[in-house]
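What follows is a single structure, written as structure tokens, with notes after it.
Residue numbers (the numbering used here): 3 to 81.
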């Protein structure tokens with residue numbers, strides 16, 4: 003199920019690749035997620051941890067405004 007977490011593929015794309023039903027994909031994903039959660043090998047931070055400032059957030063602002071560019075006029079050669 004690495005396709006689901008690593009490649010961000012939808013259940014539909016996974017079922018088409020493997021030829022299984024969408025409910026089967028969903029069931030497998032849930033089983034693997036529950037096993038990871040119980041093993042403590044995989045843990046997402048809770049809301050309280052996120053709100054306590056445990057992480058330093060950095061913001062990057064990029065100006066992507068379009069700017070007109072002067073281009074040379076096309077000339078045709080007459081022979």
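Glycine included, every Cβ here is placed at the ideal spot set by N, Cα and C.
Quick check for students: name the residue ranges of the beta strand (DSSP E) that lie wholly in the segment 28–79, counting only runs of 3 or more.
none
Check whether residue 16 and residue 34 have beta carbons under 7 Å apart
no
Which residue wins for smallest C-alpha separation from residue 4, given the options 22, 21, 30, 23?
30
Residue 23 lies in the alpha helix (DSSP H); which residues open and close that run?
Careful: residue 23 lies outside any alpha helix (DSSP H) and carries neither H nor E.
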